[in-house]
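Residue numbers 89 to 519, in this note's numbering, belong to the letters of the sequence shown in order.
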Amino acid sequence: MAEPFSTILGTDGSGGRCKYLNKGIVGLGSYGEAYVAESVEDGSLCVAKVMDLSKMSQRDKRYAQSEIKCLANCNHPNIIRYIEDHEENDRLLIVMEFADSGNLDEQIKLRGSGDARYFQEHEALFLFLQLCLALDYIHSHKMLHRDIKSANVLLTSTGLVKLGDFGFSHQYEDTVSGVVASTFCGTPYYLAPELWNNKRYNKKADVWSLGVLLYEIMGMKKPFSASNLKGLMSKVLAGTYAPLPDSFSSEFKRVVDGILVADPNDRPSVREIFQIPYINKGLKLFVQALKKNERISDSVKEVLVTQVSEILSSEVSPDAHRFLVSQINYDVTHRGHVNKLGGGNGKSWKPRFLQIVRGQLILTDDEEGNNPKGLNLEQVQGACPVPHSTAKRDFVFALNTVGGKGMWFQAVSHGDMEMWVHAIQRGIGVA
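1) Give me, in chain order, the residues of the same chain whose beta-carbon lies closer than 6 Å to that of residue 315; leave out the 5 immediate sequence neighbours on both sides.
2) Could you have a look at residue 485 and say whether DSSP puts it in helix, strand or coil?
3) Please report how far the alpha carbon of residue 341 lies from the alpha carbon of residue 132, in whole angstroms.
4) Could you give the DSSP three-state label for residue 140: helix, strand or coil?
5) Which residues bound the beta strand (DSSP E) around residue 173?
6) Going by beta carbon distance, what residues of the same chain come within less than 6 Å of residue 114, once the five residues before and after it are set aside?
7) Considering only their Cβ atoms, is the gap separating residue 98 from residue 168 smaller than 7 Å?
8) Report the option in 157, 194 and 283 whose CA atom is closest to the CA atom of residue 229.
9) Going by the beta-carbon positions, is the gap between residue 371 and residue 396 smaller than 7 Å?
10) Do you know how far the Cα of residue 237 is from the Cα of residue 290?
11) What residue range does the alpha helix (DSSP H) around residue 39 cover?
12) Give the C-beta separation of residue 179 and residue 139 to the nearest angstrom, bearing in mind that I take them to be a contact with Cβ-Cβ under 8 Å.
13) Going straight from the alpha carbon of residue 349 to that of residue 130, what length do you get?
14) Starting from residue 444, follow its DSSP beta bridges and name the residues at the other end.
15) Do residue 165 and residue 378 count as a contact pair if the criterion is CB distance below 7 Å?
16) What residue range does the beta strand (DSSP E) around residue 184 cover?
17) Decide if residue 205 is buried, meaning its Cβ has at least 16 other Cβ atoms within 10 Å, or exposed.
18) Could you spell out the range, first to last residue, of the alpha helix (DSSP H) harbouring residue 307?
19) Let's test the definition: count the other Cβ atoms within 10 Å of the Cβ of residue 233 and tell me whether it reaches 16, buried, or not, exposed.
20) Return the CA-CA distance between residue 213 and residue 430, expressed in angstroms with no decimal places.
21) Please identify the residue among 219, 94, 190 and 444 whose C-alpha is closest to the C-alpha of residue 359.
22) If we ignore side chains and look at the alpha-carbon of each, how far apart do residue 500 and residue 446 end up?
23) Figure out for me which residue from 108, 486 and 402 has the closest Cα to the Cα of residue 510.
24) Whole angstroms are fine: how far does the CA of residue 355 sit from the CA of residue 285?
25) Take the Cβ of residue 107 as the centre, count every other Cβ of all protein chains shown within 10 Å, and call the residue buried at 16 or more, exposed below.
26) Name, in chain order, the residues that DSSP records as bridge partners for residue 497.
27) Please classify residue 481: is it buried, with 16 or more other beta-carbons within 10 angstroms of its beta-carbon, or exposed?
28) For residue 403, count the other beta carbons within 10 Å of its own beta carbon; 16 or more makes it buried, fewer makes it exposed. Which is it?
29) Do you know whose CA, among 483, 160, 495 and 514, lies nearest residue 502's CA?
30) Quick one: which unbroken alpha helix (DSSP H) runs of 4-plus residues sit fully inside the segment 332-373? Chain order, please.
31) Give me whichever residues DSSP pairs with residue 530 in a beta bridge.
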């Protein structure tokens with residue numbers, strides 16, 4: 089019996105009798121191998137994935153067919169491109185795009201060996217944004233990925249990153265019992281809390297995995313790890329992880345905190361991630377860099393620019409405020425003398441010293457710091473000037489809290505009042 093796919097995948101001695109030449113193995117899986125292949129027609133490289141169907145359960149065969157279906161339905165620069173597939177003699181061949189710079193897992197391990205060489209902030213941000221664009225495309229086409237991890241993020245010399253391995257994409261019904269037992273190879277570091285609690289997989293579980301991956305990109309390690317499944321489950325459900333390096337801005341680190349939220353109802357969708365001010369600004373910077381990249385074709389640029397433009401012009405989700413209010417800017421500092429309205433009758437003004445520092449408003453009796461009282465900026469909704477006709481004084485501004493309470497302060501001048509209002513607005517991420 090002839091070798092399967094002999095007219096499709098051959099060796100250098102096959103001449104013109106095959107479509108692709110096998111250039112060597114690049115990966116091994118439970119049911120087969122992946123090879124780098126060269127097109128006989130034009131010399132371009134691709135990946136040929138050969139799987140032995142006879143060794144698969146019916147469930148795994150469905151996974152294999154799912155990969156073909158999902159890849160074939162995807163046409164996006166940040167997703168590995170499907171080329172063709174063939175089935176012959178209980179073997180399945182999938183031909184897909186080749187990414188020439190390995191995968192993200194390899195890159196992280198390389199950077200993390202010895203003295204860790206962290207990604208620069210813009211590098212980590214652009215990696216993350218491209219993965220968000222890929223996942224946004226997948227979710228908008230009513231698909232789930234279900235296996236987002238660093239080993240499935242493929243890198244290219246053009247700077248584009250590509251999400252691959254759709255082997256588990258179409259299976260929506262699994263809970264952790266099935267996923268841990270037969271879906272994931274090794275320990276499921278990227279599994280969302282709801283799956284550990286035997287809930288069904290949905291889009292928000294993909295987002296959790298994306299958050300784990302972002303932490304891994306920034307920290308060169310996974311946020312949750314343990315020597316066994318029980319220990320890992322405990323850490324994931326507790327939701328605690330080590331702080332990320334100080335080399336990253338507090339705004340970027342808070343994106344991770346905003347995604348790794350245990351309750352999927354309180355976890356943002358990909359579209360809501362795009363509405364976070366830091367990410368929204370990052371998309372604009374990404375487009376600027378994309379347009380200047382001469383290694384990326386104009387057609388690819390057009391697709392990505394069009395998608396980003398649509399995202400930037402889309403209406404803010406009604407629930408987006410839940411994910412935007414937490415964008416506290418811990419880098420804002422401001423301090424100075426004020427008068428505060430208070431007293432038993434709420435009509436007396438007393439001299440105080442007010443500071444914004446490390447995400448807090450700190451009020452003391454004097455500049456020496458006596459009798460300090462603090463308020464987290466997360467509890468502040470806004471700040472605005474108070475008209476003289478209302479305050480009966482000049483240079484008064486109001487600070488409004490989440491609980492509906494207000495505090496009035498009097499600055500030393502009109503310019504000082506404007507600086508206080510602007511500093512508070514910057515601190516809570518609305519200016």
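Built from N, CA and C at the ideal position, the CB exists for glycine as well.
So, to answer that:
1) Answer for residue 315: no residue qualifies.
2) Residue 485: strand per DSSP, three-state reduction.
3) Rounded to whole angstroms, residue 341 to residue 132 spans 40 Å at the Cα level.
4) If DSSP states are grouped into helix, strand and coil, residue 140 belongs with the strands.
5) Taken as a continuous stretch (DSSP letters only), the beta strand (DSSP E) holding residue 173 covers 170-176.
6) Taken in chain order, the residues that qualify are 122 and 124.
7) Against a cut-off of 7 Å, the Cβ pair of residue 98 and residue 168 comes out as no contact.
8) Restricting attention to 157, 194 and 283, the CA atom closest to the CA of residue 229 is found in 157.
9) For residue 371 and residue 396, yes; Cβs fall inside 7 Å.
10) Distance between the alpha carbons of residue 290 and residue 237: 16 Å.
11) Missing from the structure shown is residue 39; the chain here goes from 89 to 519 and no further.
12) About 7 Å; that satisfies the 8 Å criterion.
13) Going by the C-alpha atoms only, they are around 48 Å apart.
14) The partner list for residue 444 (beta bridge, DSSP) reads 422 and 449.
15) It is not a contact, given that the beta carbons lie outside the stated cut-off.
16) Note, residue 184: beta strand (DSSP E), 179-185.
17) Exposed, by the Cβ-count rule.
18) First-last of the alpha helix (DSSP H) with residue 307: 291-307.
19) So residue 233 ends up on the buried side.
20) Taking the straight line joining both Cα atoms gives about 45 Å.
21) Closest option to residue 359, Cα to Cα, is 219.
22) As the crow flies, the alpha-carbon of residue 500 is around 24 Å from that of residue 446.
23) That would be 486, whose Cα lies nearest to the Cα of residue 510.
24) Residue 355 has its alpha-carbon roughly 16 Å from the corresponding atom of residue 285.
25) Counting Cβ neighbours within 10 Å, residue 107 comes out buried, since at least 16 surround it.
26) Paired residues: 428 and 485.
27) Its Cβ having fewer than 16 others within 10 Å, residue 481 is exposed.
28) Under this definition residue 403 is an exposed residue.
29) A check of alpha carbon separations from residue 502 across 483, 160, 495 and 514 identifies 483 as the nearest.
30) Correct list: 338-347 and 358-362.
31) Lying before the first or after the last residue shown, residue 530 is absent from the chain, which here runs from 89 to 519.
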